[in-house]
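Q: Have a look at this one before I ask anything.
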Amino acid sequence: MTSIADLIAPPSGSLMRRPGFVFGAGTSSYQIEGAAREDGRLESIWDRFCATPGKVLRGENGDVACDHYHRFEQDLDILKHLGVDAYRFSIAWPRVMNEVGQPNERGIDFYKRLLDGMAERGIAAYVTLYHWDLPQHLEDKGGWLNRETAYRFADYADLMTRRLGGGRVTAWATHNEPWCSAYLGYGNGHHAPGLEVPRWGVQAMHHLLLGHGLALPAMRANDPKAQHGIVANVAPGYPLADTPADRDAALLFETYQNRWVLDPLLKGEYPADLWRYWKGCEPLALTGDMDIIRRPIDYLGLNFYSRAVLRSTGPDSIDWVREPDVERTTMDWEVYPQGLQDLLEAFKHEYPNLPPIFITENGMSSADTVEGSGVDDAQRQSYLKRHFAACSRAMDNGVDVRGYFVWSLLDNFEWAFGYERRFGLVHVDFETQQRTLKRSALAYADFLRERAGR
Numbered sequence: 374m375t376s377i378a379d380l381i382a383p384p385s386g387s388l389m390r391r392p393g394f395v396f397g398a399g400t401s402s403y404q405i406e407g408a409a410r411e412d413g414r415l416e417s418i419w420d421r422f423c424a425t426p427g428k429v430l431r432g433e434n435g436d437v438a439c440d441h442y443h444r445f446e447q448d449l450d451i452l453k454h455l456g457v458d459a460y461r462f463s464i465a466w467p468r469v470m471n472e473v474g475q476p477n478e479r480g481i482d483f484y485k486r487l488l489d490g491m492a493e494r495g496i497a498a499y500v501t502l503y504h505w506d507l508p509q510h511l512e513d514k515g516g517w518l519n520r521e522t523a524y525r526f527a528d529y530a531d532l533m534t535r536r537l538g539g540g541r542v543t544a545w546a547t548h549n550e551p552w553c554s555a556y557l558g559y560g561n562g563h564h565a566p567g568l569e570v571p572r573w574g575v576q577a578m579h580h581l582l583l584g585h586g587l588a589l590p591a592m593r594a595n596d597p598k599a600q601h602g603i604v605a606n607v608a609p610g611y612p613l614a615d616t617p618a619d620r621d622a623a624l625l626f627e628t629y630q631n632r633w634v635l636d637p638l639l640k641g642e643y644p645a646d647l648w649r650y651w652k653g654c655e656p657l658a659l660t661g662d663m664d665i666i667r668r669p670i671d672y673l674g675l676n677f678y679s680r681a682v683l684r685s686t687g688p689d690s691i692d693w694v695r696e697p698d699v700e701r702t703t704m705d706w707e708v709y710p711q712g713l714q715d716l717l718e719a720f721k722h723e724y725p726n727l728p729p730i731f732i733t734e735n736g737m738s739s740a741d742t743v744e745g746s747g748v749d750d751a752q753r754q755s756y757l758k759r760h761f762a763a764c765s766r767a768m769d770n771g772v773d774v775r776g777y778f779v780w781s782l783l784d785n786f787e788w789a790f791g792y793e794r795r796f797g798l799v800h801v802d803f804e805t806q807q808r809t810l811k812r813s814a815l816a817y818a819d820f821l822r823e824r825a826g827r
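Under the numbering used here, the first residue of the sequence shown is numbered 374, with each subsequent residue one higher.
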């Protein structure tokens, strides 16, 4: 069979081709598992949000999703066929603990079986503890606006690393994209729990980051051989015009998009420019909080999709500009691979203590359909090839990137957009649960086989 690896492969000689560089694919619990009311799983904020009219496209929900809870063996076989080094997934907090914080053994057993299945297939586990599915009973007590939730998260992290660690997990992440949990969940209402007060978003972020720092000591004690980190979604901002005002708008964008998360983690402080954008929204932070938040991490996961172009409409303002005649995905995000290189190199310059980086998400949504027996997702193939090349250039310039996870393994429940937006390497027919490897997946598999010398 003719190899199609070159459809997506990194450039010849790329450091991404070296042995030890980790290639993988990722998913999250609510987006794929289904089984929303089985084996003692509690209601999550996303179950409640989806049940609220008008919140999710077409009123869809994750009750069944990809039915991964019942089909995980099949999905692990797909990962094995792809030849990935690692699989990044998240644990559903409502599935593994009851309302008084005691373990739900049936839920924990699912993740034990998942991890054992990965080990049998030689696939490393990169496990995220929180990918947005907060137990609803904690939201009823204030959710991430309640400081106590940070301590409950630390209890949950302690339990998971005790029960699932011990060599099963290569790397743990506390949070996936706290920016989305805080801003989209509490600041503008686009995500669960659907609150719309910017100051609440800022306070939620503080408690998310506090929970991260509080969790780390127990996580390290319970699973000392694993890596421990966090995952942030990041994007570069570019001024529409090379003027002081537009350059300041780009700076403010990167401050609220990137530095709002990274400065507390790596500098132990919130960026002062953030309070120019959100005036009077400083969070309530207690003495010692920032020292907890800035506890050392072993790696930083970065999720990259697109860029922003900004202009100023006045002092301390941001106005997003939709550039005409550029390539876009079905999320309406501009395809701009150079932004990944620019951002990685900027972070290396801005943070002298920048830990090793994993690209924990990168991919695109497209209107994929099965034609005949396959799915020729040409735009995704090109997208991945160009982003691999951008990452390679950053590595050539000294950025320490250790791995790259394509988002996503499967077409899945894309949050407020329901099942319309397809990010998967694998097409899922949500009526029949039929999985079909897209041409991007076949090319990825060919590249990984060639890299391994098989």
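Using N, Cα and C, we set each Cβ at its ideal position, and we do this for glycine too.
#1: Could you tell me the distance, in whole angstroms, from the CA atom of R461 to the CA atom of G399?
#2: By the three-class DSSP mapping on this structure, what secondary structure does V779 have?
#3: For P571, verify whether its CB is less than 7 Å away from any heavy atom of the ligand MN.
#4: I'd like to know whether the C-beta atoms of G435 and Y484 end up nearer to each other than 8 Å.
#5: Can you tell me which residues form a DSSP beta bridge with M470?
#6: Excluding the 5 residues flanking P467 on each side, which residues of the same chain have their C-beta closer than 7 Å to its C-beta?
#7: Among the candidates I732, M704, P590 and L713, whose CA atom is the shortest distance from the CA of I666?
#8: Cutting at 7 Å between CB atoms, please list the residues of its own chain near R701, excluding the five before and the five after it.
#9: I need the straight-line Cα distance from P637 to N631, nearest angstrom please.
#10: Nearest to E696 by alpha carbon, out of A555, S690, R684 and S781?
#11: In three-state terms, what does DSSP make of G397?
#12: Classify R680 as buried or exposed, calling it buried when 16 or more other Cβ atoms lie within 10 Å of its own Cβ.
#13: Quick check on this structure: which residue in L537, R444, M491 and G736 has the alpha carbon closest to the alpha carbon of N595?
#14: Please state if the CB of L587 and the CB of H548 are separated by a distance shorter than 8 Å.
#15: Grab me the residues of R421's own chain with a C-beta within less than 6 Å of its C-beta, minus the 5 sequence neighbours each way, in chain order.
#16: Does D705 pass the burial test, meaning 16 or more other C-beta atoms within 10 Å, or should it be called exposed?
#17: Under the three-state reduction of DSSP, which class applies to N735: helix, strand or coil?
#18: In terms of residue numbering, what span does the alpha helix (DSSP H) encompassing W573 cover?
#19: So for D440, helix, strand or coil by DSSP?
A: In brief:
#1: The straight-line gap from Cα to Cα measures roughly 4 Å.
#2: For V779, the secondary structure class from DSSP, reduced to helix, strand or coil, is strand.
#3: In the structure shown, the ligand MN is absent, as is every other ligand, since no ligand is present at all.
#4: When the beta-carbon positions are compared, G435 and Y484 stay at least 8 Å from each other.
#5: Beta-bridge pairing links M470 to P476.
#6: Sequence-distant Cβ neighbours of P467 in its own chain, meaning closer than 7 Å and more than five residues away, are R414, L415, E416, S417, D506 and P508.
#7: Among I732, M704, P590 and L713, the Cα nearest to that of I666 belongs to P590.
#8: E707 and V708.
#9: Approximately 11 Å between the Cα atoms of the pair.
#10: Answer by Cα proximity: R684.
#11: Note: G397 maps to strand in three-state DSSP.
#12: Here R680 is buried. Its C-beta has 16 or more other C-beta atoms within 10 Å.
#13: Here the closest residue by C-alpha is L537.
#14: With respect to L587, H548 sits apart: the two C-beta atoms are not nearer than 8 Å.
#15: Within the same chain, Cβ atoms closer than 6 Å to the Cβ of R421 are found at Q509, the five residues on either side in sequence being excluded.
#16: A residue is called buried when at least 16 other Cβ atoms come within 10 angstroms of its Cβ; D705 does not meet this threshold and is exposed.
#17: Here N735 sits in strand by DSSP.
#18: Here the alpha helix (DSSP H) through W573 covers P571 to N595.
#19: Note: D440 maps to coil in three-state DSSP.
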